[in-house]
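Working notes, structure below.
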Amino acid sequence: MDSNKRYKIIYKKNECIGAFACVAAEPKHWEEDGDSDKADLVEGIHEGEEVYIKYLDELDNNLEAAQSCPVNCIHIIDQETGEELI
Ligand code: SF4
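Counting from 1 along the sequence shown, just add 814 to a position and that's the residue number in the working numbering.
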């Protein structure tokens, strides 16, 4: 299963204010949701109310995307070390 990949991205969509800095930083994984004016985590798994997750072996620019988010609603966990990177 995907969950044995190294990184876990957690996106709290309800906190998103639609600044789209994440989309600019990492367009492969983030896109604009025209219906809600919030970001969508591409192929994110819906895990509870307004929470989406995605497992990746390569971070690509997702750390930059999370760091650029003005409301800090993107979190990344290194599942190998258990460290919350952001
Ligand atoms: S940067 Fe944060 S607030 Fe802006 S669209 Fe992305 S997730 Fe939403």
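Glycine residues also receive a C-beta, built at the ideal position from the N, C-alpha and C atoms.
Quantities reported herein were computed from a predicted structural model and do not represent experimental measurements.
Can you tell which of Leu873, Ala879, Tyr869 has its C-alpha closest to the C-alpha of Asp816?
Nearest C-alpha to Asp816: Tyr869.
By the three-class DSSP mapping on this structure, what secondary structure does Glu898 have?
In the structure shown, Glu898 sits in a strand (DSSP, three-state: E or B).
What did DSSP end up calling Cys830 once you bin it into helix, strand or coil?
Residue state, collapsed to three classes: coil.
Among the candidates Asn828, Arg820, Glu898, whose CA atom is the shortest distance from the CA of Gly862?
Taking only the C-alpha atoms, the option nearest Gly862 is Asn828.
So, at 6 angstroms on beta carbons, what are the nonlocal neighbours of Leu855 in its own chain, with the 5 sequence-adjacent residues on each side left out?
The answer, listed in chain order, is Tyr825, Tyr866, Lys868.
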